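Report on one structure; see the data block that follows.
In this note's numbering, the protein residues as written are 7 to 133.
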């Protein structure tokens, strides 16, 4: 039996089950986000993170929800966690910059914005 109900398939590694469960939570979070139910979306993204802490998209998506709820400190924390996993995420750097601006942390906002631009320039140059 798997951790998420249903039968465990011995031919299927557990990490695939974890990723599948996390992905399902993410999809539920995305739907709640589309419905502008940011608190509910946060709940689903948090569940995805509890299953898989190595996918930065769960943190960036939850950060966006926090931002939309004017919870800028929480937004910055999630952006930082996503950046710690993958430093080359312009979405995380941009959202961090915007949250810092809302908290009047101008130097930090500028640095985050510079990081986002640098990543986008590098990405554009390599394409």
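For glycine and all other residues, C-beta sits at the position ideal for the given N, C-alpha and C.
Here the structure is a predicted model, which is why all the values come from computation and not from measurement.
Let me make sure I understand the geometry here. Which of the options has the alpha-carbon closest to that of residue i?
i, options, result
"residue 99", "110, 108, 115", "115"
"residue 101", "131, 40, 34, 122", "122"
"residue 62", "70, 48, 88", "88"
Is DSSP giving residue i helix, strand or coil here?
i, result
"residue 54", "helix"
"residue 77", "coil"
"residue 94", "coil"
"residue 25", "helix"
"residue 41", "coil"
"residue 109", "coil"
For the alpha helix (DSSP H) holding residue i, just list the boundary residues, first then last.
i, result
"residue 70", "62-74"
"residue 116", "112-132"
On the premise that residue j lies in contact with residue i, defined as a C-beta separation below 8 Å, what is that separation, rounded to the nearest angstrom?
i, j, result
"residue 58", "residue 94", "With 8 Å as the limit, residue 58 and residue 94 do not qualify as a contact, their Cβ atoms being about 19 Å apart."
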